[in-house]
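Under our numbering, the residues of the sequence shown are numbered 1295 to 1865, in order.
For glycine and all other residues, C-beta sits at the position ideal for the given N, C-alpha and C.
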Amino acid sequence: MISVGAQGGWLTRGAGNDTIYEEQSVVGVNSIYCLQKIKQIMAMAAAVAMVMGLGADEVRSLDLSGDRMQSTVSEIVMGLEETLQLNADEQLHWITSEPSVLTVGNDGMVHAVGCGKADVIAESTHCRKIWHTTVKASPESVSFSRQNITMGAGESVIIQMVLPDDTAACDKQFSVSDSHVVEIIPSGDSVRLTAKREGTAIVSVQLYNGVSTSCRIEVRSAPETVQLREKSMTVGVGEKVSLNAILPDNTASDQILFVTDNSSVIHMTKTDGTGEFTALRQGKAQITVCLYNGVKASCQVTVMAAPMNVELSQTDIQMKIGNQTQIEAILPEQTAARQRNFRSSDEKVIRIRQQDKKATIQAVGAGTAYVTVKLYNGIEKSCQVTVWDGPIIEVRNGVTYMDGVLIVNKTYPLPRTYGKGLDKTAKAAFQKMKSDAEKAGIHLYIVSGFRSYDVQAALYQSYCAERGQKAADRFSARPGHSEHQSGLAMDINSVYDSFADTAEAKWLKNNCHRYGFIIRYPKGKESVTGYKYESWHIRYVGKELAEKLNQRQITLEEYFGIDSVYKDSDN
Ligand SMILES: [Zn+2]
């Protein structure tokens, strides 16, 4: 229950023949007018209020000069069942115009008993007070315009109490759980919150009927700095961008305001909390973010033409499961697009991880998919990505490469014209191995290095004539299938089984991987490699792969998951 009334007596003023309006604060009450003939004056006051655009909450006094009989008019909006003490400082006679809406006791206590409109009139011999009263439904709920606020020390925020439509409550009490943290100053349906020091506080409002709500306030330190993620940025015409203000840890500012110095270049579409703008035309503009305490930061924005096309930095990508590669969008010169969205057509094949303007493609499953970049203005470009389960197999000029490693065995042949001697890298690696072996008293030399297609053809023919084709296929390659034609294979010291028991063979087996070589046809792997054990035949594959194969004790066929079988036989 609250008290309403003109405590200081009637609002009176006699000053010549003119009509005078004066603003005056009266707690909790609305408009007050004084004059002699109530009905006339009410009509005049309404007309005047309309002309002046006065709101219902504004307080006026209106005196007509020369009249001793004075009157005041107030407006009240109450909720059903609400009780209100209308104060008066002298003996008054109380009347209600509508007892079904409002009742009034002879002490000036009114009670809203029905929805509708009623006048409460208090009369004495020389003056009269009128309260135009509207009774609305009793609110079943109340809310604040905000439920959670995080603010900085010293900051002020105004929140509004909101009632359901067509309800009212004249009597409401605002309170705060800790006034050392937040100070409140209620004013009508709103309350001004001022953060006093770090901590949390609950601001509540309770209506006459017990209905209440609250808002949680967290007060942090006042920010001494503010940052934008970028100090400058380039965007395309028509592009929409959001900006976030970054405050130091454990500080806050409820008010975060974004402004631009050139609204013909960029148009701010959101200026509060998070900044959002649209680039209107080519040019430069500065955006400044400002906090409640005056702390600021700026970002220079350059607006360039919108791109009419886009390219990708890679085309026709081949990948192996588990591998990843980077891709970028390439724009025409003098254009810009900050927003580039990369997407995968099939997440089971490739996944995209985007970091700013670049994207990383991750191969997760075998198959074909597309990576597409789409710019803010709808321009897009796609690129096909093939993901292999196992090695990436490429055939260049009839030569098969797996993950870049040349493969020649019974399944994968070399063309007749391929090969012009020992590979230089392989030869240098052998020289290094040979000289290191010398220091250990091991003498290594090449008894057979590069063999051309035609030389191999003659050799194979002679073996077939001598031992029969089936036997020959176990130790000699058919022309085009010999690793010696690749220039990457060498027979060391001997081509006889007895070599396996020599110190040289043992040293080779234990050390050749350090130089990038493997024993190509190891013991017990004939069904895999297609050849019986050859302790002398080494193959250069590079240090990295040689180390891997040695560590796992597997062959090239096992590593790449391939076979070594002639098409026309079971050997
Ligand atoms: Zn050999």
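If the criterion is Cβ atoms closer than 8 angstroms, does the pair residue i and residue j meet it?
| i | j | result |
| --- | --- | --- |
| VAL1553 | THR1582 | yes |
| GLN1364 | CYS1421 | yes |
| CYS1509 | GLN1608 | no |
| ASP1653 | ILE1687 | A small correction: the amino acid at residue 1653 is Ala; Asp does not occupy that position in the sequence shown. No; because the gap between Cβ atoms is not below 8 angstroms, this pair is not in contact. |
| VAL1789 | TRP1830 | yes |
| LEU1386 | VAL1404 | no |
| ILE1644 | VAL1658 | yes |
| GLY1577 | ILE1550 | no |
| ARG1491 | VAL1470 | no |
| ARG1514 | THR1545 | yes |
| LEU1378 | VAL1429 | no |
| ILE1511 | ILE1611 | no |
Classify residue i as buried or exposed, calling it buried when 16 or more other Cβ atoms lie within 10 Å of its own Cβ.
| i | result |
| --- | --- |
| MET1602 | exposed |
| VAL1559 | buried |
| ARG1634 | buried |
| GLY1810 | buried |
| VAL1460 | A small correction: the amino acid at residue 1460 is Asp; Val does not occupy that position in the sequence shown. Answer is exposed; the Cβ neighbour count stays below 16. |
| GLN1779 | buried |
| VAL1741 | exposed |
| ILE1813 | buried |
| ALA1797 | exposed |
| ALA1631 | buried |
| SER1319 | Residue confidence for SER1319 is low, a pLDDT of 33 falling below 50, so the modelled location carries little weight and cannot support an answer. |
| LYS1861 | exposed |
| ARG1486 | exposed |
| VAL1589 | buried |
| ASN1703 | buried |
| GLY1781 | buried |
| CYS1328 | Its pLDDT being 32, under 50, CYS1328 is placed unreliably by the model, and the measurement read from it follows with that caveat. Answer is buried; the Cβ neighbour count reaches 16. |
| ASP1767 | buried |
| GLY1402 | buried |
| LYS1819 | buried |
Measuring only the C-alpha atoms, how far is residue i from residue j?
| i | j | result |
| --- | --- | --- |
| ALA1591 | CYS1584 | 7 angstroms |
| MET1727 | CYS1806 | 7 angstroms |
| THR1563 | VAL1679 | 39 angstroms |
| TYR1739 | MET1613 | 39 angstroms |
| GLN1441 | VAL1371 | 26 angstroms |
| ASP1483 | CYS1464 | 9 angstroms |
| GLY1717 | LEU1700 | Note that residue 1717 is Asp in the sequence shown here, rather than Gly. Whole-angstrom Cα-Cα distance: 12 angstroms. |
| VAL1505 | PRO1480 | 18 angstroms |
| ASN1804 | GLN1845 | 11 angstroms |
| GLY1530 | ASP1472 | 50 angstroms |
| VAL1681 | SER1638 | 13 angstroms |
| VAL1499 | LEU1625 | 57 angstroms |
| GLU1392 | LEU1501 | 25 angstroms |
| TYR1747 | GLY1713 | 8 angstroms |
| CYS1758 | ARG1710 | 20 angstroms |
| TYR1827 | GLN1648 | 50 angstroms |
| ILE1332 | LYS1411 | At ILE1332 the pLDDT is 37, less than 50, meaning the model places this residue with poor confidence; the figure from the coordinates comes in the next sentence. Going from the Cα of ILE1332 to the Cα of LYS1411 covers about 18 angstroms. |
| TYR1315 | GLY1399 | Reliability fails at TYR1315, whose pLDDT of 34 lies under 50, so the model's placement of it is uncertain and the value that follows must be treated cautiously. Cα to Cα, the separation comes out at about 32 angstroms. |
| GLU1627 | GLU1533 | 17 angstroms |
| PRO1458 | ASP1543 | 38 angstroms |
| GLU1417 | LEU1396 | 17 angstroms |
| SER1526 | ALA1623 | 20 angstroms |
| THR1427 | GLU1369 | 6 angstroms |
| ALA1599 | ILE1540 | 29 angstroms |
| ILE1832 | THR1619 | 33 angstroms |
| GLU1376 | ASN1503 | 7 angstroms |
| ALA1895 | ALA1573 | Outside the shown range of the chain (1295 to 1865) lies residue 1895, about which nothing can therefore be said. |
| LEU1708 | ASN1691 | 9 angstroms |
| ALA1783 | THR1849 | 15 angstroms |
Is residue i near ligand 2, with its Cβ less than 7 angstroms from a heavy atom?
| i | result |
| --- | --- |
| ILE1646 | Ligand 2 is not part of this structure, which contains only ligand 1. |
Residues proximal to ligand 1 by C-beta, any heavy atom closer than 5 angstroms: ASP1785 and HIS1831
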